[in-house]
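Residue numbers (my numbering): -19 to 557.
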């Protein structure tokens, strides 16, 4: 068996190894021998005369208690955890360095490896950069290629074709080492034992290899080079034929001329190549110098810009710190000065108070002996003056309230003439509110009065005489509605109108009467006597259609009654001030 190892290096510098094993003159191995078949006989049942042996079933022993496996130390896990912790700490430190200046100073002072690249990646990196880095790392691992199955099969087929030649060469090498020992090298015993050999003389004519161009180079080679190669091949063939004739001299001259032409072309090409190379080197040198100068200028500008930014930031920080310290010192100095001044003032006031008390005591003992009595009399006079002034103010307010209430009463109670224009009552209510006091009863009464008379005028609020005339106008309707049956139709309404004309009016007042004529008589007598509250009470006790017909009249009468009640309340409360 021959095992051949081949190595292949890629462009990335990764070397791949592949091994192929080849067995020469392999022996044919037959199939494995068959095993003899074992005939299984059927089980013979026990006869009934033989009693079977009783077997006791022994229960299996209980399983041993499970022993907790102690966790073994794993070097791979320890290295993985430590590396992960180190990566997290390193990345967190670099991220904090971008956010905090103290951490940045710590990183720069201790010169942590790769801190500049890491900080630059954190500040200026993006998702595309991470993606590109991942593809580059992935490409480095995927560039390592193992030989495919086709390559291995091709290699084994080449070895099979070359196997016989390889065996012959090995035999020659093995026999050659033995054949070299001839003549005197062999011992007498070996010479006697050596059989007689008959050598066959053969003439092997070695032919010189011809010059051939590769297929990929043939299209790009010059014609002069091809002519030179063909002439050289002719010369080689003539040398192989061992026919030295006159044509060989012509071939030699032709080859010489072709070689001279090639040498001249080669010199011309080398000169042109050198000139072009020099020109390109000059151009590239100028471009590189210009690019280097541009980059240098950009770097210097960036450095100057960064330096100015850092300088301005440091100046701002120092100025802020100085301002803070100056303000703190100024506040401390001003506070100390204020404290000193306040202490001096306190001492001066204490001294002044002591001096004043001494002088007052001296004067009190002398000319100002009756000063306390005089002070008491003055306090009494002040109290009397304040009470007198308060009484005068209350009397003035009382007079104003009574005047405004009298104006309102005069305006509301006197019946307006037809020729008079309607006047708004709101200005009189505002005047009454302006002179109101802090009395809660007055304020509540004025508030309710303002709500009642907000949109009223002298013509909209009805007097007692107007209410009486409206009640007289309602009497026929009330009489007819009292005769209506429940759920009356058109015929019921017509009959009620006809029968109401036949009713005779009742004279006098029946206090216990509940018919419509008694109610009408009581309301008329109450309105004639000026008892509006009794008339409203009688009207509200009506029921059915008569109550609905009298609803507007009841609302107007109630409004009148509420206004009179509020005015009387304001007048009586103002007298109690």
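Where is the CB? At the ideal position from N, CA and C, for every residue including glycine. Predicted model only: the values in this text are computed from it and were never measured.
Considering only the beta carbon of each residue, do residue i and residue j sit closer than 8 Å?
i: residue 542; j: residue 388; result: no
i: residue 238; j: residue 207; result: yes
i: residue 503; j: residue 520; result: no
i: residue 99; j: residue 78; result: yes
i: residue 540; j: residue 442; result: yes
i: residue 102; j: residue 75; result: yes
i: residue 211; j: residue 234; result: yes
i: residue 553; j: residue 419; result: yes
i: residue 335; j: residue 381; result: no
i: residue 515; j: residue 522; result: no
Looking only at its own chain, which residues have a Cβ that is under 7 Å from the Cβ of residue i, when we skip the five neighbours before and after it?
i: residue 529; result: 454, 457, 458 and 461
i: residue 95; result: 74 and 87
i: residue 116; result: none
i: residue 561; result: Because the chain in this structure spans residues -19 to 557, residue 561 falls outside the shown range and cannot be described.
Please return the same chain residues whose Cβ sits closer than 6 Å to the Cβ of residue i, not counting the five positions on each side in sequence.
i: residue 549; result: 425
i: residue 353; result: none
i: residue 371; result: none
i: residue 406; result: none
i: residue 255; result: none
i: residue 181; result: Caution applies to residue 181, whose pLDDT of 44 falls short of 50 and renders its modelled position unreliable; the value that the coordinates give is listed next. Excluding positions up to five away in sequence, the list is empty.
As a quick exercise: from the options, pick the residue whose alpha carbon is nearest that of residue i.
i: residue 512; options: 448, 406 and 499; result: 448
i: residue 385; options: 292, 547, 371 and 114; result: 547
i: residue 517; options: 212, 355 and 537; result: 537
i: residue 555; options: 391, 361 and 379; result: 379
i: residue 526; options: 105, 499, 247 and 509; result: 499
i: residue 204; options: 257, 219 and 246; result: 246
i: residue 551; options: 61, 423, 249 and 507; result: 423
i: residue 430; options: 291, 410 and 304; result: 410
i: residue 383; options: 60, 89, 408 and 284; result: 408
i: residue 392; options: 52, 65 and 545; result: 545
Among the residues of its own chain, which have a CB less than 8 Å from the CB of residue i, if the five just before and after it don't count?
i: residue 450; result: 442, 533 and 536
i: residue 163; result: Caution is warranted here: a pLDDT of 48 is assigned to residue 163, below 50, making its placement in the model unreliable, and the coordinate value is therefore given only provisionally. Nothing listed; no residue qualifies.
i: residue 83; result: 73, 76 and 77
i: residue 309; result: none
i: residue 264; result: none
i: residue 421; result: 549 and 553
Quick check: is any heavy atom of the ligand SAM less than 7 Å from the C-beta of residue i?
i: residue 273; result: You won't find the ligand SAM in this model; it holds no ligand whatsoever.
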